[in-house]
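Take a look at the structure below.
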Amino acid sequence: MHMAAGTRTAGSKPPSLCLLLLVHALLLIASSTAAAGLQGCDASVLLDGRGTEKAALPNQSLGGLDVVDAAKAALEAACPGTVSCADVVALAARDAVSFQFRRSLWQVETGRRDTRFSDEAHATDLPSFLFVFTQLRDSFAKRGLSVRDLVALSGAHTLGQTDCQFVSPRLYKFQGNGGVDPFIDPGYARELMRQCPATPSSSSLGKVALDPGSEFRFDTSYYATVKANRGALHTDAVLLHDDEAARLVDEMHDQGKFLTAFAASIQKLGAFGVIAGNQGEIRRNCHVVN
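Written out as structure tokens, the structure reads:
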């Protein structure tokens, strides 16, 4: 692998391709769990077809994949067979987070290859939006990620929206017993019920902001939201159910500490499951194998 070059200087205008990548990454990085949005280290989640990872429930909130197509088409026209779909996603995530700071917050190692296989069963190994803390911790640990990584990467939930299907179980049938999750602020629960009614109507948007008021800014607002029991997802709330994680939630209120921790953790995550060298391929079209 080699380090990606071409970092923009402060105040420079990003090229149109970077804007396309930015839009895509904003959609990916704010999916149902911190890890799910960056699952495609080998671009397996981009492959179409029955029984693929894309078809699995945890990945059904991923949107904007047409933007990847446009970005990949531009890259293939300029330098065919050079940049993999997996690298497009990794670089996009970096630029999406870094854009507002006008500098790259971390370096991205390129040279990833795209897998030729995608199995829906692999998506069931993702952290579930219903996990309690110990399950969430163990799921991250299987990827070589610590509790610090878990809390730092959860900060990605300051961006974007999530589908009501990932929120409604906390509002109407918590743990299968009916009723509201006791770990959610009652006033916020009523807000969410208005946005995600028990019987959806044509006027229901079907989505809620993960961090209301900050869904377009990468900042530490998410951690204040969690502390106030106003996290949209159950996996946000459970960060307070563990002493170490709760301490780290407090620590991440500091912007400098958060950005440093997030950069280190996302680099670790970006290296998980990578294929390189002669393995896999560089797809011409991210949706199908060559």
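FYI, the numbering for the sequence shown is -35 to -1, 1 to 255, going by mature numbering (1 follows the signal peptide of the UniProt record, and there is no 0). Ideal Cβ placement from N, Cα and C applies to all residues, glycine included.
Counting of Cβ neighbours within 10 angstroms places GLN244 among the exposed residues, the total staying below 16. With a minimum length of 4 residues, the unbroken runs of alpha helix (DSSP H) contained wholly in the segment 27 to 54 fall at 30 to 43.
Annotation for ALA189: no beta strand (DSSP E) segment contains it, though the alpha helix (DSSP H) segment containing it runs 186 to 192. Per the coordinates, the alpha-carbon of GLY109 lies some 11 angstroms from the alpha-carbon of GLY235. Contact between the segment 142 to 154 and the segment 197 to 205 is present, with at least three C-beta pairs closer than 8 angstroms. For GLN100, the enclosing alpha helix (DSSP H) has its first and last residue at 98 to 106. The three-state reading of DSSP puts GLN220 in helix, counting H, G and I together.
Residue environment for HIS206: exposed (fewer than 16 other C-beta atoms within 10 angstroms of its C-beta). If you draw a straight line from the Cα of ARG195 to the Cα of PHE66, it is about 26 angstroms long.
If you keep only unbroken beta strand (DSSP E) runs of at least 3 residues inside the segment 121 to 147, you get 126 to 128.
Only exposed fits GLN140, as fewer than 16 other CB atoms lie within 10 angstroms of its CB. Inter-segment contact for the segment 181 to 194 and the segment 209 to 227 is present: three or more beta-carbon pairs are separated by less than 8 angstroms. For ASP176, the secondary structure class from DSSP, reduced to helix, strand or coil, is coil.
The continuous alpha helix (DSSP H) containing ALA202 extends over residues 199 to 202. Each of ASN255, VAL239, GLU209 and ALA38 was checked against the Cα of THR99, and the nearest Cα belongs to GLU209. Assignment of VAL253 by DSSP, reduced to helix, strand and coil, places it in the strand class. C-alpha of GLY178 to C-alpha of PHE131: approximately 20 angstroms in a straight line. By the C-beta density criterion, THR190 is buried, having at least 16 other C-beta atoms within 10 angstroms. Taking C-beta atoms as the reference points, ILE240 and THR80 count as a pair closer than 9 angstroms. Looking at the DSSP output, ASP13 bridges to nothing. The C-alpha of ARG249 is placed about 49 angstroms away from the C-alpha of GLY144. Beta bridge pairing from DSSP links ASP79 with GLU246. About 19 angstroms separates the beta carbons of ARG78 and ALA38, which is beyond the 8 angstroms limit, so they are not a contact pair.
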